[in-house]
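Read through the structure below, which is laid out as structure tokens, and then see the notes.
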Amino acid sequence: FTTIQEESMIDRIIFPIKDIRGKTVVFQGRHQLSDAKPKYINYPSGVELPIYPINFGSRYTSVVFVEGIFDMLNLQDKGLKNCSCVFGTSTLQKDTAKKLLPLKVQGITKVYLLFDNDTPGIQAAEKLKPLIEACELEVEIINLDDSCSDPGELPQSYVDSIREYVCKENT
263 FTTIQEESMI
273 DRIIFPIKDI
283 RGKTVVFQGR
293 HQLSDAKPKY
303 INYPSGVELP
313 IYPINFGSRY
323 TSVVFVEGIF
333 DMLNLQDKGL
343 KNCSCVFGTS
353 TLQKDTAKKL
363 LPLKVQGITK
373 VYLLFDNDTP
383 GIQAAEKLKP
393 LIEACELEVE
403 IINLDDSCSD
413 PGELPQSYVD
423 SIREYVCKEN
433 T
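Sequential numbering from 263 applies to the sequence shown in our numbering.
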């Protein structure tokens, strides 16, 4: 990091984002304040973000995509281990087949979209569904009920029911 880059990372939680080979391709810094602008900074800038994590081996036949890294961490911490972050609502819309190929090679056959329960999240899930289906993967959108707007806020009982539903074919 240069001094300017170091200063831009102050008050940020830094995540090393790795590709399928385990190589760190970018560092993502999320500001500790949820209303900070910008909320996320990537270093180096301009790097195309992969699906993260993308290496599940052959343990699962399905994966749950969420928008943000904190959504993914909340779900994984509560036991939903086949969960990946797509870094926003539009990142996966570019080079969809290329980004999904490592999952297909690992035996993933179904993708669940669990995006935020807001207009951008709902619209993005609907837009992504045919793009993922074009890659010969089954897709199901999981809509959050009105009691929760973000996967990062889901209580344990809700995550348990999602895990039971999406992992039924892996048992």
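Virtual Cβ for every residue (Gly too), placed ideally from N, Cα, C.
Would you check if the distance between the CB atom of Tyr374 and the CB atom of Ile331 is smaller than 8 Å?
no
Judging by CA-CA distance, which residue of Lys285, Gly284 and Lys299 is the nearest neighbour of Gly291?
Lys299
Lys361 (DSSP reduced to helix, strand or coil)
helix
Three-state secondary structure (DSSP) of Phe349:
coil
Just the C-alpha distance for Ser320 and Gly369, rounded to the nearest angstrom, thanks.
6 Å
Distance check for Leu406 and Tyr420, CA to CA, integer angstroms please.
10 Å
What did DSSP end up calling Leu416 once you bin it into helix, strand or coil?
coil
Once the 5 residues before and after Pro364 are set aside, which same chain residues still bring their CB inside 6 Å of it?
Ile282 and Ile316
Considering Cα atoms alone, identify which of Asp378, Val326, Thr286 and Tyr305 is closest to Glu415.
Asp378
Could you compute how far the alpha carbon of Ile384 sits from the alpha carbon of Ser346?
18 Å
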